[in-house]
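The block underneath contains the structure these notes are about, expressed in structure tokens.
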Amino acid sequence: MPENKTLKPAELFMDNYSFIGENYFIHLYNTMPSKKSVSNVNIEQICAEMKRNCNEFDLLWDWEYTYAKRDMNNLMCYYQLEDQVLMRTEKSAETTMAVIYFDSSKRKVVEDKYWNLLLAAQPKKSDKAVVKMLAKTDWGLSFERFEFNPVAIKRNNYNTDFWDFDAHLSNHLIKNDGGLVLLHGDPGTGKTSYLLHQCSNLPSKNFIYIPPNMTNAISDPNLICLMRDEQDAVLIIEDAEDILATRNMGNSAAVSNLLNLTDGFLSKCFDLTVLCTFNCRLNEIDKALLRKGRLKGRYEFGRLSGEVLQDKAKELGLENISGAPMTLADLYNLQSNGIKENFFNEAESDSRIGFVA
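So this is what it looks like as structure tokens:
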């Protein structure tokens, strides 16, 4: 066990809260750690289990601090589990979390001996799907946890060529292969519903959602620091035109960060998959994002056509629709408006719907 050295918090922070765990591990062992983390856990239960199961379980130091703007008391503790394996717990008014820092040679020990103890301290899983959303708070960027009812999709919601892509993407996410995946197409073709379905279908994945009004945060250095505790995550960026467009459009910092996250140095650190949706033309996207090795998948969501269109219309009780391709949103809007008859049967190829005069 390393000597219990007394350090001032400032010596560990180095002006950046996100690095405190790594700094302490480096201070003790002179090597950069790997880490695994869980949030929303029962810290008292974790400590009780560790005392029963870990011979070297020992409190190295603790520190109580307060956010000046929020007047919230927070407690951070560091425990020695065994040589080159530390655990950090943090308890505040907003969250509880536990992080295990370890030398790469200890990965199997951590996964076999300690990781299940942390997972067991999480609350019982509900039937809800979970996603973390990037938010801006009084003290900077943070991830807020949200639950929603699982979203299922039907085969007649998408054209027949979609399902091969769906199988490819699901397998890619399960394997944690990282990289960039692009989803594009007309509004109303089911991109958002599909993303919600993926979040519902893979509950073990760590999905992080960046809303359209926060897409520029991809160029914020604080986001990179925040991501350090989000290993093997799937980052969802919706309506990402502004950060995907060519760098001569004035967004070079955002594009550069996205390149680094998907196939640069940072991608090797985070094992991060980035899912982006957009509605602009593909030729408006920065060409570097489309390079082989970085781009792991791309699908263009089209309007329903042929047998799929007719099958969906029949399911919704819509009769005599034209043969022209239609978006999923168009079909549901027709159903909600109660319009079931007298639709155009001879529509132009660029027409959506029409009425018989």
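Under the numbering used here, the first residue of the sequence shown carries the number 322, and numbering increases by one thereafter. Positions of the beta carbon are idealized from the N, C-alpha and C atoms, including for glycine. Bear in mind that the values here come from a model prediction, so they are computed numbers and not experimental data.
Grab me the residues of residue i's own chain with a C-beta within less than 8 angstroms of its C-beta, minus the 5 sequence neighbours each way, in chain order.
| i | result |
| --- | --- |
| K617 | H493, D498, G499, G500, L501, V502, T594 |
| L407 | G342, Y345, F346, L349, P354, L381, Y399, Y400, Q401, I421, Y422, F423 |
| R612 | D584 |
| A473 | H518, S521 |
| S588 | G499, G500, N581, L582 |
Taking only three categories from DSSP, how would you classify residue i?
| i | result |
| --- | --- |
| Q366 | helix |
| S355 | strand |
| N527 | strand |
| G644 | coil |
| H489 | helix |
| D433 | helix |
| I474 | coil |
| C590 | helix |
| S447 | coil |
| Y479 | coil |
| L438 | helix |
| L639 | coil |
For the alpha helix (DSSP H) that residue i lies in, which residues bound it at each end?
| i | result |
| --- | --- |
| A628 | As written in the sequence, residue 628 is Glu, which differs from the Ala given in the question. That run of the alpha helix (DSSP H) goes 627-636. |
| I421 | Per DSSP, I421 belongs to no alpha helix (DSSP H); it is in the beta strand (DSSP E), 417-423. |
| V595 | Counting along the chain, V595 falls outside any alpha helix (DSSP H), though it belongs to the beta strand (DSSP E) covering 594-599. |
| T583 | 573-584 |
| L649 | 649-657 |
Tell me where the beta strand (DSSP E) around residue i begins and ends.
| i | result |
| --- | --- |
| E465 | 461-469 |
| Y620 | 616-622 |
| K453 | 450-458 |
| G499 | Looking at the DSSP string, G499 is not in any beta strand (DSSP E), and its letter there is neither H nor E. |
| T410 | 406-412 |
Apart from the five residues just before and just after residue i, which ones in its own chain have a Cβ nearer than 7 angstroms to its Cβ?
| i | result |
| --- | --- |
| G511 | N478, Y479, F622, L649 |
| D541 | L462 |
| D592 | N497, G499, Q552, D553 |
Give me, in chain order, the residues of the same chain whose beta-carbon lies closer than 6 angstroms to that of residue i; leave out the 5 immediate sequence neighbours on both sides.
| i | result |
| --- | --- |
| Q351 | At residue 351 the sequence reads Asn, which differs from the Gln that was named. Nothing meets the Cβ criterion. |
| C520 | A450, V452, F528 |
| V629 | N477, N480 |
| E411 | M397, M418 |
Taking 9 angstroms as the CB-CB limit, is residue i close to chain D?
| i | result |
| --- | --- |
| V430 | You won't find chain D in this structure, because it holds only one protein chain. |
Beta carbon of residue i: closer than 8 angstroms to some heavy atom of the ligand ADP?
| i | result |
| --- | --- |
| L439 | Annotation note on the ligand ADP: not contained in the displayed structure, which lists no ligands. |
Legend entry - Inter-stretch contact (C-beta, 8 angstroms, three-pair minimum) for the region 422-431 and the region 360-368: At 8 angstroms Cβ cutoff, the stretches do not touch.
Legend entry - beta strand (DSSP E) runs wholly inside the region 508-568, at least 3 long, in chain order: 527-531, 554-558
Legend entry - Contact between the region 531-545 and the region 558-567 (3+ Cβ pairs under 8 angstroms): yes
Inset, instruction - Take every Cβ of the region 632-639, pair it with every Cβ of the region 484-492, and state whether three or more of those distances are shorter than 8 angstroms. - result: no
Legend entry - the region 595-604 in contact with the region 434-453 per 3-pair CB rule at 8 angstroms: no
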